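Residue numbers (my numbering): 3 to 751.
Note that the Cβ used here is the ideal one computed from N, Cα and C, for glycine as well.
No experiment lies behind these values; they were computed from the predicted model shown.
As structure tokens, the structure follows; a few thoughts come after it.
Right under this line is the structure:
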């Protein structure tokens, strides 16, 4: 009897399991067909639901057979409910189109974001949308990620001119910048207020300041992953704008128009921006002592959508930059192309994406009294990524092949030339399992990286967790092991780092090497923090962190003789605590970040703070909408940062370059002024940095899709004399950008 009862239970369990199905699909903007990221889908009358990813995709597996109603919601949009039938062992594919609300919601928390906070670890990652980028005062009336990134916790910019983005002690070469999966080697133009990421084409930006998951590799510091929109799939639309800094044009062309009930659509989006600051500054800012910056950006993307959410897209870009100083001629050029094929099998919880890309970056610096420097790096990547959805969880895994070519020529301060012309091929595989169980969220994974040029294998475990103490209070942690084989090449004695070349590491013996079989760069980090949601939509996030760079490969700044090693092995660490407070209530938005941080390097001869070590960094942003139609907006941003370190000048001397070798007539040649720097690297500190920006916007709407926007702004309103660099030979100080008022206009349809 006991065996019969057990058999009945097993049979019932099998029947119950068999009589289940799944629902998956997309939430789409009804006006243009764009996927809605981080929206919320609820199965009415049940506890089942899901949040969409950055593509607007969702999956709800293991639903009992039956008829249901799905409700899709997102802030600023009308909720939409559709019927769906779940059949045994089948997957129902749906598309839910939602409309923008005619009256903006006030004081309502984004339901998808709330669910995401509770069901995903989200440690040291912030997702940014164009709406948030446009909230901060923009320089020259052009909102840009380059201006938004430094207001995020743990991120600083080294300057308004020639600046780099430093993320928790990680330099740009230690940060992986992506655009639709394509590698970007230099995302910031030489006038550090603009990036290659055009805000109007951006869909969302994921910024991982640490603890990034295993699908990201080949960098030891951070990740900035930018995905772009597909373009309007229903109507021809666009935007044109102009300011004293730039002019910009955007076109969105539906090639095959999207229609409800039809699965096929195609669109093309084109964007171009040009900067003429080198000429306009002579008219509008003659007191600025010349702003010799110009750049040109072009971006294009074609997207084809087919049955059940399958999508094929091709992205291409070309970005150029130039700066002509009296003492240097600096330029770089980058281009890339990539294709993605996203497949969503009809009756499966499996989702996969095939990607292929190539990008190339070249840079040159010519100075009258120095040997020209040049660098080129090319990168191709081919791979597949898979996602398999389970109840309250997801399994991700993938494979990729990446190849890198470098062509590099550099001369250090001792006159020694370092050249590299090298090809390398890397292989990687990864998996990540994400599971949400009651109040506990865990994401565990690993990455296996093979670097062909140095024959090194790097196993890299990753782990992040979150515990939902209550619906309003969450504790989180993350840790991981990371590696990379790309090295940046800068002259550490340069006051301004205009030239940043790239090389790949080799197996040659490095200075201060401990006899390792290879010079693979490695790091490990640990993060522990908490989130609090307070009434009135106030969010507080606190994250202490520690990063240890136990192998960092750099060009040998001490190389004096040809036989000396080209590379040097260093160690270092970065640690501190980041605070973020965000408040959005009715027409008011406030955002504040503070970072207390330390960064150190150890080259075995001395421990020193690198040039980007900033102890205190504070950002405050306030924005307020007013007017009957809320078509006015006033915003302000204040940034304060303690001074960067620099290497002091010890003395001067006269030297002769001996251009003709031993045949040089030293009696007939005039010597040059040489500089003897202090033995302690970066032993001094520059004055603190402070900048206040204001902006006022006014929108004029003529039709639902036609708008003119006027933007008046003042950058560095208090005309603060922030130091850019000090020329020890000419003994002159050069400041960052002065007060810059601007007026811009844009027309969109």
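(request) Check residue 288 in the structure and name its three-state DSSP category. (result) helix
(request) In angstroms with no decimal places, state the Cα-to-Cα distance between residue 720 and residue 82. (result) Their Cα atoms are separated by approximately 49 Å.
(message) Between the alpha carbons of residue 233 and residue 577, how many angstroms are there, rounded?
(response) 41 Å
(request) Could you check the C-alpha separation between residue 703 and residue 748 for me, to the nearest Å? (result) 12 Å
(request) Determine which residues share a DSSP beta bridge with residue 647 and list them. (result) For residue 647, DSSP records a beta bridge to 687.
(request) Go ahead and pull the three-state DSSP assignment for residue 218. (result) In the three-state DSSP reduction, residue 218 falls in the coil class, being neither helix nor strand.
(request) Could you round the C-beta distance between residue 322 and residue 36 to whole angstroms and report it? I think they count as a contact, below 8 Å. (result) At roughly 29 Å, the Cβ-Cβ gap does not stay under 8 Å, so residue 322 and residue 36 are not in contact.
(message) I'd like the ranges of any alpha helix (DSSP H) spanning at least 4 consecutive residues and lying wholly in the segment 136-179.
(response) 147-150
(request) Measure the C-alpha to C-alpha separation of residue 108 and residue 76 and round it to an integer number of angstroms. (result) Because residue 108 sits at a pLDDT of 42, beneath the cut-off of 50, its placement in the model cannot be relied upon, and the following sentence gives the value as read from the coordinates. Rounded to the nearest angstrom, the two C-alpha atoms are 13 Å apart.
(request) Take every Cβ of the segment 84-103, pair it with every Cβ of the segment 690-705, and state whether three or more of those distances are shorter than 8 Å. (result) no
(request) Decide if residue 478 is buried, meaning its Cβ has at least 16 other Cβ atoms within 10 Å, or exposed. (result) By the 10 Å Cβ count, residue 478 comes out buried.
(request) Give the single residue among 191, 186, 270 whose Cα lies nearest to the Cα of residue 161. (result) 191
(message) For a test of the three-state rule: what should DSSP assign to residue 580, helix, strand or coil?
(response) DSSP places residue 580 in the strand class (E or B) of the three-state scheme.
(request) Report the three-state DSSP secondary structure of residue 457 (helix, strand or coil). (result) coil
(request) Just tell me which of 698, 727, 751 has its CA closest to the CA of residue 743. (result) 698
(request) Might you give, ordered along the chain, the residues of its own chain that have their beta carbon closer than 6 Å to the beta carbon of residue 643, omitting 5 neighbours on each side? (result) 616, 619, 691
(message) My parser needs the beta strand (DSSP E) runs of 3 or more residues fully inside the segment 312-359; what are they?
(response) 313-326, 331-345
(message) Can you look up residue 596 in the DSSP assignment and give me helix, strand or coil?
(response) strand
(message) Quick check: the Cα distance between residue 393 and residue 227, rounded to an integer number of angstroms?
(response) 27 Å
(request) Using only alpha-carbon positions, find the residue among 71, 650, 419, 728 that is nearest to residue 561. (result) 419
(request) Can you tell me the Cβ-Cβ gap for residue 355 and residue 342, rounded? I've got them flagged as a contact below 8 Å. (result) 6 Å
(request) Could you work out which residue in 736, 49, 204 is closest to residue 723 when comparing CA atoms only? (result) 736
(message) Closer than 8 Å is the cut-off here; do at least three beta carbon pairs connect the segment 245-263 with the segment 152-159?
(response) no
(message) Here's the rule: buried if 16 or more other CB atoms are within 10 angstroms of the residue's CB, otherwise exposed. What is residue 194?
(response) buried
(request) Compare the C-alpha of residue 378 against each of 681, 60, 367 and name the closest. (result) 367
(request) Identify, in the order they occur along the chain, each residue of the same chain with its Cβ nearer than 7 Å to the Cβ of residue 148, setting aside the five sequence neighbours on each side. (result) 190, 194, 195, 196, 197
(request) Given a cut-off of 7 Å, decide if residue 677 and residue 651 are closer than it, judged by their beta-carbon atoms. (result) yes
(message) Going by beta-carbon coordinates alone, are residue 364 and residue 411 separated by less than 7 Å?
(response) Remark: C-beta atoms of residue 364 and residue 411 do not approach each other more closely than 7 Å.
(request) Give me the Cα-Cα distance between residue 28 and residue 345, rounded to the nearest whole angstrom. (result) 13 Å
(request) Could you check which residue in 237, 446, 738, 362 has the C-alpha nearest to that of residue 750? (result) Nearest of 237, 446, 738, 362 to residue 750, Cα basis: 237.
(request) Determine the contact status of residue 598 and residue 645, defining contact as a CB-CB distance below 7 Å. (result) no
(request) Decide if residue 440 is buried, meaning its Cβ has at least 16 other Cβ atoms within 10 Å, or exposed. (result) It counts as exposed.
(message) Let's test the definition: count the other Cβ atoms within 10 Å of the Cβ of residue 48 and tell me whether it reaches 16, buried, or not, exposed.
(response) Exposed, because fewer than 16 other Cβ atoms sit within 10 Å of the Cβ of residue 48.
(message) Please report the straight-line C-alpha distance between residue 214 and residue 403, rounded to a whole angstrom.
(response) 20 Å
(request) Give the straight-line distance between the Cα atoms of residue 695 and residue 446, rounded to the nearest whole angstrom. (result) Across the structure, residue 695 and residue 446 are spaced so that their CA atoms are roughly 42 Å apart.
(request) Kindly identify the DSSP beta-bridge partner or partners of residue 129. (result) Paired residue(s): 208.
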